[in-house]
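Participant:
There are 2 protein chains.
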Amino acid sequence: MSSPTVLLSNRQIGDVNRSRVLRALCDHGPLSRAELARLAGVPRATIGTIAQGLVDDGLLEQTDPVREAGRVGKPGRPLWFRVDAGLCAAVSFSADAVEAALVNARGDVLARVEVACTTASAATRTLVAAVLEGVRQVVVAAPAEVLGIGVAVPGVCDPATGSVVGSGPLPGAVGRHLSESLEEAFGLPVLVDNDARAQALGEKWFGDGRGVATFASVQTGAGLGVGLVLDGELYRGADGAVGELGHTVVQLDGETCHCGLTGCWETVATLRWLRREAAAAGLPGARSLDAAGLVALREGAAAHLLARYADHIAVGLATLVHLLGPSRLLLHGDVVGGGEVLRSLIADRLSARSLPHVRDDVEVVLSSLDQDAGLLGAAALVLSQRFALAA
Amino acid sequence: MSSPTVLLSNRQIGDVNRSRVLRALCDHGPLSRAELARLAGVPRATIGTIAQGLVDDGLLEQTDPVREAGRVGKPGRPLWFRVDAGLCAAVSFSADAVEAALVNARGDVLARVEVACTTASAATRTLVAAVLEGVRQVVVAAPAEVLGIGVAVPGVCDPATGSVVGSGPLPGAVGRHLSESLEEAFGLPVLVDNDARAQALGEKWFGDGRGVATFASVQTGAGLGVGLVLDGELYRGADGAVGELGHTVVQLDGETCHCGLTGCWETVATLRWLRREAAAAGLPGARSLDAAGLVALREGAAAHLLARYADHIAVGLATLVHLLGPSRLLLHGDVVGGGEVLRSLIADRLSARSLPHVRDDVEVVLSSLDQDAGLLGAAALVLSQRFALAA
DNA sequence: CGCACAATGTAATCTGCTGCTACAAATTCT
DNA sequence: AGAATTTGTAGCAGCAGATTACATTGTGCG
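Here the protein sequences come in this chain order: R and W.
What the first sequence shows, in the numbering used here, is residues 1 to 391, in sequence order.
What the second sequence shows, in the numbering used here, is residues 1001 to 1391, in sequence order.
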């Protein structure tokens, strides 16, 4: 409960500074020692020794000198992650498969497999077996040491213990079986976390969250979840049970949600709502409609429903903006299929539902990672644990 | 926009560790060197040198050895803030006065004055003059050097520049006049921030937020605001414009708020709403009713209204809990007058409006600082700036 | 071509701070 | 009174960034 009162030692200062350098590289791309030094406001020699350690450890490499036109002096040799550095095994789940991948510190997916598995109904044994098989296949492909295994689970997780507290879409994952089995089988650190949080971390390392101090990563579609990066750190709250933006009340006397509460955001901004409304409006293919399909329809009733969908999404985003003031909102999942049309509708409605002084300070962005967001997020769990230790 | 990439140097590590020691003292009260060492997991000698520096600077003093029954060995000499250490001038505003105080690092109010001023209608010149007069009176009473001046403003502030962006209750404060005038008149650092945030900081240093890593401090009454302490740090967001919990939507098609948006939490959980409903229910003294009065009435219609008030308050709190999972909610303002009766009603409704896995992890607490929360918060602005530098 | 100039990267030394060990001081238990 | 226990302090070692000086590699000009 209390803040732990840990002192900094000379030993740790090195680790912290190394991680700061790595973070700067993530945020800005390849940088020479001199550029890093300017960025950090320290003498070049200081960066030199730090960088040398990272190169010696096989983490970074010097690329060829880059000549820029009109620049005099010795050209810099930018530092960048080696292609075999920071290897992570990453696991995420789709409806009908367990996905596993080998990801490096650059965010390259070096290997990728899908193990068929109807995840929603799989028993724990089946699910664990599929995960073990997937990880095994990507780990044997690794060209160097694998740092750890990251697992992004759609559900409530306690990353401290590696246990899954509860999961609607993935009941078989509940408990510590996943993390225990993986650790036993591979002898590697296993990091289990909520998928929305992992996605946020993925955006921070590899996506549109790079270099952005404060942003929110919002998952849409079947459910609504959010991962928060505040002041440069992924926010996990007191225990892991946060980011339940989907179950905040947007309608005091609203309908009952599947969670048992009433008036949750999820009751008015998920695909379930969208399809019900589409059916009520007599739209074709209502039962399997999604944002992409709705945008494609374009005509009257569809346009009207799209506008309402955008408005309802914007309500929950406005809560985020008012409470936390992120400088960017990254959208994942269904709304990405709606493209720029839907994005701008949402941005407009968000603006209309926000106070004047916060209105212009937030960007609404569709995630460019999207399909890979889960896997990259799972990998980022490992990288963050390994490198980005907070001070 | 990007995280600033600052490296740690040997010089800073000392500052950080000194501030960690001070924070530990704030969180736990007077502690001997040995207790501090155990808390931090470092050798006693390390704490010894850090503490010696703080004692030499006149910040801490050694109290007399304390003998505890049944404890063998040399008794410890707890360290504690000197009564003249960490002096801050603090300013807050009530409806009819500017309040100023001299506060030390222990949270003692050493001097206190009120300068009459109808703050809501005062012109900038009048308001600034009243603030200067108040600060002057408490600063001359200071027994030692004053570290700075903290100002808690009910409105949107940008603490980085010291400017007030906008304020409904205090239009005269808008701009940089307050901070510029104070700085010029006294030659001291001036820190201006939103009152809800300042209150949260006050709770962290001196109140029920001590030792709690993650909590929210909620202001109730005329408006609804929130200050957040996340992972031990006051959260300020990208710019200062956060904590506008009062203008999150709790009713999709709700009534229009004074801010121009619709369905804001403020439309259903402020005194304005309470009094209107009380009048509609025919309660006596409806136009000046508050939580304390409502609890005193006790009978049927009043009890019913009280329950609805509690429920409506709980809706907004549930948003906080679902999104951020604080381990404690500190309530200020009107609801404090409702006492334990109202507190337990709110806690019950919050539980009913929360998901099962977050339900039991949050305490609802009435602030014990209450009346002094604003002033102590303003003082804490200065102390945090001066001592609690983040790593 | 040769030289001044500018920018990058590196080696040696200095400084600040924590970690460790040993020791003096103060108190209780036997 | 003496052993045991706990607290606070002094001295030395080790780590890591800061500083300074220097070698390296490029451009631009006469």
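Ideal Cβ positions, reconstructed from N, Cα and C, are used throughout, including at glycine.
On a predicted model such as this, the values are computed, not experimentally measured, just so you know.
From what residue to what residue does the alpha helix (DSSP H) around R/C26 run?
Facilitator: Start at 1 with the first residue of the first sequence, and residue 26 of chain R comes out as number 26. Here the alpha helix (DSSP H) through R/C26 covers N10 to H28.
Participant: Which whole runs of the beta strand (DSSP E) in the region 1191-1244 of chain W are 3 residues long or more, in chain order?
Facilitator: Correct list: 1215-1220 and 1225-1230.
Participant: On the criterion of 16 or more Cβ atoms from any shown chain inside 10 Å, does W/P1326 qualify as buried, or is it exposed?
Facilitator: Within the second sequence, numbered from 1, the residue matching residue 1326 of chain W stands at position 326. The residue in question, W/P1326, is buried, as its Cβ has 16 or more Cβ neighbours within 10 Å.
Participant: Which residues does DSSP pair with R/A116 in a beta bridge?
Facilitator: Residue mapping note: residue 116 of chain R aligns to position 116 of the first sequence, counting from 1. According to DSSP, R/A116 bridges with R/A97.
Participant: By Cβ distance, which residues of its chain are closer than 7 Å to W/A1378, with the 5 residues on each side in sequence left out?
Facilitator: The residue given as residue 1378 of chain W occupies position 378 in the second sequence. Here the set comprises A1090, V1091, S1092, G1150, V1151, A1152 and A1198.
Participant: For R/V115 and chain W, any beta-carbon pair shorter than 7 Å?
Facilitator: Working through the first sequence from its first residue, we reach residue 115 of chain R at position 115. Not closer than 7 Å to any Cβ of chain W, the Cβ of R/V115 fails to qualify, so no.
Participant: Helix, strand or coil: which one does DSSP assign to W/E1035?
Facilitator: For the purposes of this step, residue 1035 of chain W is identified with residue 35 of the second sequence, where counting begins at 1. Here W/E1035 sits in helix by DSSP.
Participant: Quick one: which unbroken alpha helix (DSSP H) runs of 4-plus residues sit fully inside the region 50-79 of chain R? Chain order, please.
Facilitator: Counting whole runs of 4 or more residues, the region 50-79 of chain R contains no alpha helix (DSSP H) stretch at all.
Participant: Just to confirm my understanding: we take R/H247, look at its own chain, exclude 5 residues before and 5 after, and list those with CB closer than 8 Å. What are they?
Facilitator: The residue you call residue 247 of chain R lines up with position 247 of the first sequence. C257, C259, L261, C264, W265 and E266.
Participant: Return the chain-ordered list of same chain residues with a C-beta closer than 6 Å to the C-beta of W/T1119, the five sequence neighbours on each side being excluded.
Facilitator: Numbered from 1 along the second sequence, position 119 holds the residue referred to as residue 1119 of chain W. Taken in chain order, the residues that qualify are F1093 and L1170.
Participant: Where does R/E99 land, buried or exposed, given buried means 16+ other C-beta within 10 angstroms?
Facilitator: The residue labelled residue 99 of chain R in the question sits at position 99 within the first sequence. By the 10 Å Cβ count, R/E99 comes out buried.
Participant: Taking the alpha-carbon positions, what's the W/R1298 to W/L1329 distance?
Facilitator: In the second sequence, residue 1298 of chain W corresponds to position 298, counting from 1. In the second sequence, residue 1329 of chain W corresponds to position 329, counting from 1. One C-alpha to the other measures close to 25 Å.
Participant: Who are the Cβ neighbours of W/A1123 in its own chain at under 8 Å, not counting the five residues just before and after it?
Facilitator: In the second sequence, counting from the first residue as 1, residue 1123 of chain W sits at position 123. Within the same chain, W/A1123 has close Cβ partners G1172.
Participant: Distance, Cα to Cα, W/L1342 vs W/T1214?
Facilitator: As a first step, residue 1342 of chain W must be located in the second sequence, where it is residue number 342. As a first step, residue 1214 of chain W must be located in the second sequence, where it is residue number 214. W/L1342 and W/T1214: Cα-Cα distance of roughly 23 Å.
Participant: Can at least three beta-carbon pairs, one atom from the region 1270-1283 of chain W and one from the region 363-376 of chain R, be found at a separation below 8 Å?
Facilitator: With a cut-off of 8 Å, the region 363-376 of chain R and the region 1270-1283 of chain W do not count as touching, because too few Cβ pairs lie within range.
Participant: Should the region 1295-1311 of chain W be regarded as contacting the region 1176-1185 of chain W, the criterion being three or more beta carbon pairs within less than 8 Å?
Facilitator: Taking 8 Å as the limit for Cβ pairs, the verdict is that the region 1176-1185 of chain W does not touch the region 1295-1311 of chain W.
Participant: Nearest to W/D1311 by CA position, among W/E1340, W/Q1137, W/V1109 and W/V1268, is which residue?
Facilitator: Looking up residue 1311 of chain W in the second sequence gives position 311. Checking every option, the nearest Cα to that of W/D1311 belongs to W/V1268.
Participant: Tell whether a beta-carbon distance below 7 Å holds between W/V1115 and W/G1134.
Facilitator: For this step, residue 1115 of chain W is matched to residue 115 along the second sequence. For this step, residue 1134 of chain W is matched to residue 134 along the second sequence. Going by C-beta atoms, W/V1115 is nearer than 7 Å to W/G1134.
Participant: Would you decide whether W/H1304 is buried or exposed? Buried here means 16 or more other CB atoms lie within 10 Å of its CB.
Facilitator: Working through the second sequence from its first residue, we reach residue 1304 of chain W at position 304. Flag for W/H1304 reads exposed.
Participant: Using a beta-carbon distance below 7 Å, is W/L1007 in contact with chain R?
Facilitator: The residue you call residue 1007 of chain W lines up with position 7 of the second sequence. Judged by the 7 Å Cβ criterion, W/L1007 is in contact with chain R.
Participant: Would you call W/V1066 buried or exposed, if buried means 16 or more other Cβ atoms sit within 10 Å of its Cβ?
Facilitator: In the second sequence, residue 1066 of chain W corresponds to position 66, counting from 1. Result: exposed.
Participant: Could you have a look at W/T1319 and say whether DSSP puts it in helix, strand or coil?
Facilitator: Taking the first residue of the second sequence as position 1, residue 1319 of chain W is located at position 319. Looking at W/T1319 - three-state DSSP - the assignment turns out to be helix.
Participant: List, in chain order, every chain W residue whose beta-carbon is nearer than 7 Å to that of R/C259.
Facilitator: One-based indexing of the first sequence puts residue 259 of chain R at position 259. What R/C259 touches in chain W: L1355.
Participant: So, helix, strand or coil for R/D158, using DSSP?
Facilitator: Locating residue 158 of chain R in the first sequence gives position 158, counting from the first residue. Correct three-state label for R/D158: strand.
Participant: Measuring CB to CB, does R/R349 end up less than 7 Å from R/A314?
Facilitator: Numbered from its first residue, the first sequence carries residue 349 of chain R at position 349. Numbered from its first residue, the first sequence carries residue 314 of chain R at position 314. In contact: R/R349 and R/A314 (Cβ atoms closer than 7 Å).
Participant: For the structure I just gave you, are there three or more beta carbon pairs, one from the region 5-22 of chain R and one from the region 1006-1020 of chain W, closer than 8 Å?
Facilitator: Result yes; three or more Cβ-Cβ pairs closer than 8 Å.
Participant: Which whole-angstrom value is the C-beta distance of W/D1195 and W/V1365, which I expect to be below 8 Å?
Facilitator: Here residue 1195 of chain W corresponds to residue number 195 of the second sequence, with the count starting at 1. Here residue 1365 of chain W corresponds to residue number 365 of the second sequence, with the count starting at 1. At roughly 19 Å, the Cβ-Cβ gap does not stay under 8 Å, so W/D1195 and W/V1365 are not in contact.
Participant: Quick test of your reading: R/G76 and R/L59, contact by CB under 8 Å. State the CB separation rounded to the nearest angstrom.
Facilitator: Taking the first residue of the first sequence as position 1, residue 76 of chain R is located at position 76. Taking the first residue of the first sequence as position 1, residue 59 of chain R is located at position 59. R/G76 to R/L59, Cβ: 19 Å. No contact.
Participant: Can you name, in chain order, every residue of its own chain whose Cβ lies under 6 Å from the Cβ of R/D360, other than the five neighbours on each side?
Facilitator: The count along the first sequence starts at 1 and reaches residue 360 of chain R at position 360. Taken in chain order, the list of residues that qualify is empty.
Participant: Under 7 Å Cβ to Cβ from R/V174, same chain only, skipping five residues before and after it: list those, please.
Facilitator: Taking the first sequence and counting its residues from 1, one reaches residue 174 of chain R at position 174. Excluding sequence neighbours, R/V174 sits near V164, G166 and S167.
Participant: Taking beta-carbon pairs under 8 Å, can you tell me which members of the region 316-332 of chain R lie near chain W?
Facilitator: Listed in sequence order: A318, T319, L320, H322, L323, L324, G325, P326 and S327.
Participant: When you compare each of W/V1138, W/L1188, W/A1144 and W/D1193 to W/A1160 by their alpha carbons, which one comes out closest?
Facilitator: Position 160 of the second sequence, counting from 1, holds the residue named residue 1160 of chain W. Ranking the options by Cα distance to W/A1160, first place goes to W/D1193.
Participant: Within the continuous alpha helix (DSSP H) that includes R/L132, where are the two ends?
Facilitator: Numbered from 1 along the first sequence, position 132 holds the residue referred to as residue 132 of chain R. Segment T124 to V140, the alpha helix (DSSP H) holding R/L132.
Participant: Counting along the chain, where does the beta strand (DSSP E) carrying R/A152 start and finish?
Facilitator: Here residue 152 of chain R refers to the residue found at position 152 of the first sequence. Where R/A152 is concerned, the enclosing beta strand (DSSP E) stretches over V146 to V153.
Participant: Taking only the alpha-carbon atoms, compute the straight-line gap between R/D84 and R/L323 and give it to the nearest angstrom.
Facilitator: Translated into positions along the first sequence, residue 84 of chain R becomes position 84. Translated into positions along the first sequence, residue 323 of chain R becomes position 323. Going by the C-alpha atoms only, they are around 41 Å apart.
Participant: In terms of DSSP beta bridges, what is R/L366 paired with?
Facilitator: Position 366 of the first sequence, counting from 1, holds the residue named residue 366 of chain R. Answer by DSSP bridge pairing, in chain order: R/L331.
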